[in-house]
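Here our numbering runs 3 ahead of the position in the sequence shown, where the first position is 1. Even for Gly, the Cβ is constructed at its ideal location relative to N, Cα and C. See below for the structure under consideration.
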Amino acid sequence: KEEVIITESVYETISGEIKSGKNSYFNTALVALLAVASFFLGMFWTKANLLEKGTAVSNSAPTNVPVKAVNNDNAPVAVNTDQLKLTNEDHIKGNRNAEILLIEYSDTECPFSKRFHPTAKQAVEEFKDKIALVYRHFPLDQIHSKARKEAEATECAAKLAGNDGFWKMADKIYEVTPSNDGLDLESLPKLASEVGINQNNFKKCLDSGEMAQKVENNLQSGIKAGVQGTPGIFLINTKTNKTKIIPGAVPFDQIKTAINELL
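Next up, the structure:
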């Protein structure tokens, strides 16, 4: 739905001209102008609404038929749970064999992903061995052109410094970026150095593009799983296979409640 707000004075001017039947040329031009204004206002409203919800617009489409999972309101939601299984390439914080997996598909330039990142880590700290945080990349290329390279940067950190290096680099990027493509990509080697990674080796890895496919694999996994925006968050009980979909960057109390329900 698109809305256009017209001030009272403008409305009176328009209605007066139309009622008088005078200056038909002016009326025609004014109607055309309002139509154009309506289009652009609607476009800006739609984009703002997408950003508010963290909605992703992807050029790719799922290649398989999704199954049904349940969200917090017990309403059916299309999600392919096969895509949520742990892989050897996953970056995990916490106990890999935990009863609960918190799988987060995120975009480092998304302000909502930035907001949720410390919340996810807080869950691991509070529930300890009962939960593991799994981070996967979901760069929204259409609105965050820098996110994909930043994702590659975290993968280069993982290559050079292991799982711990990945988390340090991801934490650092979320800490310093103002979001919405506000981070200077030229600063990535310096950020890597600040978290203890050899700057020259990091730059060589990042410039080579060798981690691009891993980021793309994460993105495709998210698309097939049913992710529609960032952060895309799933809670899974590994014993019962019951899955909850978390609607975006919710407060910690809401995550805590959902985890307790699954436990």
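| query | So Ile103 packs on Lys133, CB below 8 Å; how close in whole Å? | reply | Indeed, because the Cβ distance is near 6 Å, the residues count as touching under 8 Å.
| request: Throw me the rounded Cβ distance for the Val218 and His140 pair, which I believe falls under 8 Å. | output: With a Cβ gap of about 5 Å, Val218 and His140 count as contacting.
| field | Simplified DSSP assignment, three categories, for Lys149 | value | Here Lys149 sits in coil by DSSP.
| Do Lys171 and Pro192 have their CB atoms nearer than 9 Å? | One thing to note: Lys171 has its Cβ no nearer than 9 Å to the Cβ of Pro192.
| query | Can you name the start and end residues of the alpha helix (DSSP H) that Arg118 belongs to? | reply | Note, Arg118: alpha helix (DSSP H), Pro114 to Phe130.
| Distance, Cα to Cα, Val68 vs Asn83? | At Val68, the pLDDT of 28 sits below 50, so the modelled position is not reliable and the matter cannot be decided from this model.
| request: Please report the residue range of the alpha helix (DSSP H) in which Gly199 lies. | output: Where Gly199 is concerned, there is no enclosing alpha helix (DSSP H), given that its DSSP letter is neither H nor E.
| field | Reference Ile249; option with closest CA among Leu265, Thr241 and Lys242 | value | When Leu265, Thr241 and Lys242 are compared, the shortest CA-CA separation from Ile249 is found for Leu265.
| said: If you follow the beta strand (DSSP E) that Ala101 is in, where does it begin and where does it stop? | reply: Ala101 -> no beta strand (DSSP E), and no H or E assigned at all.
| said: Please state whether the Cβ-Cβ distance between Phe115 and Pro234 is less than 9 Å. | reply: Taking a C-beta distance under 9 Å as the contact criterion, Phe115 and Pro234 qualify as a contact pair.
| message | Measuring straight from C-alpha to C-alpha, what distance separates Thr241 and Lys149? | response | For the pair Thr241 and Lys149, the Cα-to-Cα distance works out to about 34 Å.
| request: Could you please give the first and the last residue of the uninterrupted beta strand (DSSP E) stretch that includes Val218? | output: Premise fails: Val218 lies in the alpha helix (DSSP H), Ala215 to Ala228, not in any beta strand (DSSP E).
| message | Between Asp93, Gln223, Asn166 and Ala123, which has its C-alpha nearest Lys1's C-alpha? | response | Since the first and last residues shown for the chain are 4 and 266, residue 1 lies out of range.
| query | Taking Leu143 as the reference, which of Val137, Arg99 and Ala154 has the closest Cα? | reply | Of the listed residues, the one whose Cα sits closest to Leu143 is Ala154.
| query | Excluding the five sequence neighbours on either side, which residues of its own chain have a C-beta within less than 7 Å of the C-beta of Asn77, listed in chain order? | reply | A caution first: Asn77 carries a pLDDT of 35, below 50, which makes its placement in the model too unreliable to give a value.
| query | Hey, Asn98 and Ala126 are a contact pair by Cβ (cut 8 Å); roughly how many whole angstroms apart? | reply | Incorrect: roughly 12 Å between the Cβ atoms, too far for contact.
| query | If you follow the alpha helix (DSSP H) that Lys259 is part of, which residue opens it and which one closes it? | reply | From DSSP, the alpha helix (DSSP H) with Lys259 extends over Phe255 to Leu265.
| message | Restricting to Cα atoms, I'd like to know which of Lys117, Glu178, Glu129 and Ala173 is closest to Ile200. | response | Ranked by Cα distance from Ile200, the options Lys117, Glu178, Glu129 and Ala173 are led by Ala173.
| According to DSSP, is Asn62 helix, strand or coil? | With a pLDDT of 34 at Asn62, under the threshold of 50, the modelled position of that residue is not reliable, and no figure is offered here.
| field | Check whether His147 and Glu178 have beta carbons under 9 Å apart | value | Contact: no.
| request: For Thr290, I'd like the list of residues in its chain whose CB is within less than 8 Å of its CB, leaving aside the five on either flank, ordered along the chain. | output: Look at the range of the chain in this structure, 4 to 266, and you will see that residue 290 is not part of it.
| task | Could you tell me if Asn221 is buried or exposed, where buried requires 16 or more neighbouring beta carbons within 10 angstroms of its beta carbon? | result | Result: buried.
| task | Might you give, ordered along the chain, the residues of its own chain that have their beta carbon closer than 7 Å to the beta carbon of Arg151, omitting 5 neighbours on each side? | result | Here the set comprises Pro142, Asp144 and Val218.
| field | Alpha-carbon spacing of Glu158 relative to Gln257, whole angstroms | value | Rounded to the nearest angstrom, the two C-alpha atoms are 30 Å apart.
| By how many angstroms is the C-alpha of Gly185 removed from the C-alpha of Glu107? | Computed Cα separation, rounded: 22 Å.
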